[in-house]
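**Q** Please read through the structure below; I'll follow up with questions.
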Amino acid sequence: MRKIVLSAAMSTALLATTLAVTQSASADPSSSSTTTSTQKGTATVQQGTTRYVVLYDAGVSDAMARTAIAQAGGTVLSSNAQVGYALVESSAADFATKADGAAGLVGAAADRSIGKAPADAASGADAVEKLTEAERATLAGRASLKSQAAKAKGAEPLASLQWDMRAIGATPEGSYKVQPGSKKVTVGIIDTGVDGTHPDIAPNFDRAGSRNFVTDMPDIDGPCEVKSCVDPVDVDDDGHGTHVASTIGSPVNGLGIAGVAPNVNLVNLRAGQDSGYFFLQPTLDALTFAGDSGVDVVNMSFYVDPWLYNCQANPADSPAEQAQQRVIVAAVQRAIDYARSKGVLPISASGNEATDLGAPGVDSSSPDYPVDADGNPTQARDRTIDNSTCLNVPAESNGVVTVNSTGPSGRKAYYSNFGTEQSDVSAPGGDAYDTANGRTSPAGMILAAYPANVAKAEGTIDANGEPNTPFVLRQKTKDGKDAYYQYLQGTSMAAPHAAGVAALIVSEYGKPDKAHPGTLTLDPAVTQAILLGTATDTPCPVPAEFTYRRVTANGPVTSTATCAGTTDDNGFYGEGIVNALTAVTEF
C-alpha cells in the first residue's frame, strides 16, 4: 500500500535562522510511555550542537546502540528501546557520517520538522485549508451562515450546516441511532494540540490519557505561553488539531455540531508545534505512546519536512541528505509498525497538491527547511521524483489508510491528491469552489470547533467576541459561555471523517482488551477491511478527465485531473466514500 502527503495548516511562523536544534519534551513526568524515555522540560543546547534522531538496526539492544553512538561522538538524551531509536546531541561535524557507517545503527537524521503545512502549492493564489485574505475580503460583506442553520428534531443547532455528516450517514436517524461510539474506544489526535476546554469537545476529552510531546520554541512559535514552554495537554494554540478532534468526536449535547463518533474517547497526542511544524522525535513518541496506552485509531495530519518526498537516492540530493531521508522513512515506518502491532489503526490523508501520486513529476519545494528571514526555503531545488523509490511520510508509509477529499457535490475536491495505487478511501474534506458558479462559499467547507484563544489571536472575532468573518460562527452555552466554530477545507478535514468511522467500527465489533481492562480493541487489519469494504463505491467522472473551474480573487482558474480505475477502486475515490451507517450495519 502506497501513501502520500497530508497538509496541515494554519498561519505558519517560519524560522528566521538556519537549523539549530529541536527541543522535544513531555507535558509532565507521567507523560512518557512505558517504552519511551523522553526529555523533560526545556534544555539549553550549546551553539554548534545539533540534535539527531538515531535509528538502531533491527534487533540491536539499547545498550549496544548507545555505545555505538558514543563512539561516533554523540550523547544520548533519551531513547526508545522498543522501537529502536534515540535522541542524540553532538557537536561533531561528522557525527551523521560516522553514525551512518557504525555497526548496529541505521543512521542519523537531523531532528528537523516533520510536518509543516505549506500554502497550497498547486493553486498558487489561494491556500487550501484557509482561504487567502483577498478571498475572505470578497466574502466580508456577506451575511453569516449562522442564520441559515435550522435545527431539525433531535439534531444539534448547527447540524444543518454539516453536509459532510449527512454525506456519510452520521446523523440522528443514521449511525447515531445504531452506534454513536463507545467511551471504551479511544481516538488519538496527533496534531497541534486539542482544546480540551472547548464546550463541544470537553465532554469526550480525556485529559488524563492525553500527552504533549513537544516544547514550544520561541524562534518559530513565538513567546511561550507558560514558563516551562510546555503547554498543558488541553491547549491548542494553532486550531488545526481542535478542528480534527471535533470532526471525529464532538458530542450530541445540544450545542453546535456533532462529530462522526459523538460518544468516543478523545486524547491529545500532541506532536506539532504551535507554528504547525512537527518534529521527528515527538512524532515517534506519539505513535509509540498510542500503542502502549490502548489507543484504537490515530489521525495524523502532517508530512515530513524538509522533504515533500523522501527518496532513497535521488541524484539531486547529497549523500548526507539521502541518508537523512532514508532514516526518516525507516524510523516512522518502524513506529507505525509498532503502533499497529499494539492495536492502533493509523489514518492519514492524500495531500493538497492536486497531484496524481502515481506520477508526481518534479518536486520544487524541497528541502523546505531551513528558511530565511522572510520564510523562504534557502535550499529548495527541482528534484525529479521517482514514484518507486520516493515516499511521503507518514501518509505513504505502509499500514496507513490514505484518505482523499470530496466536496459537497461528491466530486473529488479540486486540491486533493489522487492516484490508483495510493488512494484507499475518500471522505468529505470540503471544497469552497464546489458551487454552481465556481465562486467561494463557506458552505462548501467543513464546520468544526475553533479555540477561542486562536480566534482572538487571528482576529476573526471582535472585542465583544462577535465573529467578523463568515468563516467563523459563535454559539452560546446554557451558562452563557462562547463556543466558536470555523470552516476549513483540506485533506486534513477528510481524514478525521474516516478516523471517526473507524472508531465506530471498533465500538460495534470490538472485543474487551485484556491488555487495557475496561476498553475495547479490534485488530487494525479488521478495522481497515470493514472501513474500506463498507465505503460507498463511487465511479470516475465521465469524461475521466475532470475540469475544475474556480473563480478566485485573481479571476477564473481552470485545472484538470484524470481519474483511472473501476467503480469499486479508482484513483479519485479509492474503494469509495466512507459511510458511518453502513460500517456498523452491513458488515
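Under our numbering, think of the first position of the sequence shown as 1, with each following residue one higher. From the three backbone atoms N, C-alpha and C, an ideal C-beta is built for every residue, glycine too.
Rounded to whole angstroms, what is the Cα-Cα separation between THR519 and GLY343?
**A** 12 Å
**Q** On the three-pair Cβ rule with 8 Å, is the stretch 310-327 touching the stretch 381-392?
**A** yes
**Q** Using the DSSP secondary-structure output, state which residues sit across from PRO346 in a beta bridge.
**A** VAL298
**Q** With 16 other CB atoms within 10 Å as the buried threshold, where does ARG549 fall?
**A** Its Cβ having fewer than 16 others within 10 Å, ARG549 is exposed.
**Q** Should GLU129 go down as buried or exposed, given a rule of 16 or more other Cβ atoms within 10 Å for buried?
**A** Here GLU129 is buried: its Cβ has 16 or more other Cβ atoms, across all protein chains shown, within 10 Å.
**Q** Need the endpoints of the beta strand (DSSP E) that ASN268 sits in, please.
**A** 265-270
**Q** Can you look up ASP363 in the DSSP assignment and give me helix, strand or coil?
**A** strand
**Q** Which same chain residues, not among the five before or five after GLY259, have their C-beta less than 7 Å away from its C-beta?
**A** In the same chain as GLY259, and ignoring 5 residues on each side of it, the C-beta atoms closer than 7 Å to its own belong to SER246, THR247, ILE248, GLY249, SER250, GLY500, in chain order.
**Q** Using a beta-carbon distance below 8 Å, is LYS456 in contact with chain C?
**A** Any reference to chain C falls outside this structure, which holds one protein chain only.
**Q** Quick one: measure Cβ to Cβ for GLU421 and GLY358, integer angstroms, because I've assumed they're closer than 8 Å.
**A** 6 Å
**Q** Indicate whether the contact test is met: 3 or more Cβ pairs, each with one atom in the stretch 385-401 and one in the stretch 295-310, closer than 8 Å.
**A** yes
**Q** Go to PRO428, then tell me how far its alpha helix (DSSP H) extends in each direction, as first and last residue.
**A** Per DSSP, PRO428 belongs to no alpha helix (DSSP H); it is in the beta strand (DSSP E), 425-428.
**Q** Can you check which of these residues, LEU488, ASP57, ARG66, ALA93, is closest to LEU105 by C-alpha distance?
**A** ASP57
**Q** How big is the Cα-Cα spacing for VAL53 and GLY555?
**A** Their Cα atoms are separated by approximately 46 Å.
**Q** By how many angstroms is the C-alpha of THR534 removed from the C-alpha of THR582?
**A** Counting only the Cα atoms, THR534 lies some 6 Å from THR582.
**Q** Which whole-angstrom value describes the C-beta separation of GLY188 and VAL267, a residue pair presumed to lie in contact below a C-beta threshold of 8 Å?
**A** Correct: roughly 5 Å between the Cβ atoms.
**Q** Using the Cβ count rule (16 or more neighbours within 10 Å means buried), how would you classify THR552?
**A** Burial call: buried.
**Q** Select from VAL578, ALA354, GLU586 the residue whose C-alpha is nearest the C-alpha of ASP164.
**A** Of VAL578, ALA354, GLU586, the residue nearest in Cα terms is VAL578.
**Q** Going by beta-carbon coordinates alone, are ALA81 and ALA102 separated by less than 8 Å?
**A** no
**Q** Who are the Cβ neighbours of ASP28 in its own chain at under 6 Å, not counting the five residues just before and after it?
**A** Its pLDDT being 36, under 50, ASP28 is placed unreliably in this model, and the coordinates cannot settle the point.
**Q** I'd like to know whether the C-beta atoms of GLY467 and GLY444 end up nearer to each other than 8 Å.
**A** Inspection of the sequence shows that residue 467 is occupied by Pro rather than by Gly. Against a cut-off of 8 Å, the Cβ pair of GLY444 and PRO467 comes out as no contact.
**Q** What does the Cβ neighbour count give for ALA436, buried or exposed, with the cut at 16 atoms within 10 Å?
**A** exposed
**Q** Can you check DSSP and say which residues form a bridge with THR50?
**A** According to DSSP, which records beta bridges pairwise, THR50 is partnered with SER90.
**Q** Might you give, ordered along the chain, the residues of its own chain that have their beta carbon closer than 6 Å to the beta carbon of ALA448, omitting 5 neighbours on each side?
**A** HIS243, SER246, THR247
**Q** Taking three-plus beta-carbon pairs below 8 Å as touching, is the stretch 481-501 in contact with the stretch 412-431?
**A** At 8 Å Cβ cutoff, the stretches touch.
**Q** If you check the beta carbons only, do GLY272 and GLY222 fall under 8 Å apart?
**A** no
**Q** Hey, out of ASN310, THR527, ASP231, whose CA is closest to ARG270's CA?
**A** ASP231
**Q** Taking all protein chains shown into account, do 16 or more other C-beta atoms lie within 10 angstroms of the C-beta of ASN404, making it buried, or fewer, making it exposed?
**A** buried
**Q** Quick one: what does DSSP say THR582 is sitting in, helix, strand or coil?
**A** helix
**Q** Does DSSP put GLY565 in a helix, in a strand, or in coil?
**A** strand
**Q** At what residues does the alpha helix (DSSP H) containing VAL454 begin and finish?
**A** 452-458
**Q** Using C-beta distances below 6 Å, list every residue in its chain close to ALA561, excluding the 5 sequence neighbours before and after it, in chain order.
**A** Excluding sequence neighbours, ALA561 sits near PHE546.
**Q** Between the Cα of THR527 and the Cα atoms of VAL584, ALA65, THR469, PHE418, which residue gives the shortest distance?
**A** VAL584
**Q** What would DSSP say about GLU545, mapped onto helix, strand or coil?
**A** Strand.
**Q** What is the DSSP secondary structure of PHE418, reduced to helix, strand or coil?
**A** strand
**Q** Are the beta-carbon atoms belonging to ILE168 and ALA502 less than 8 Å from one another?
**A** no
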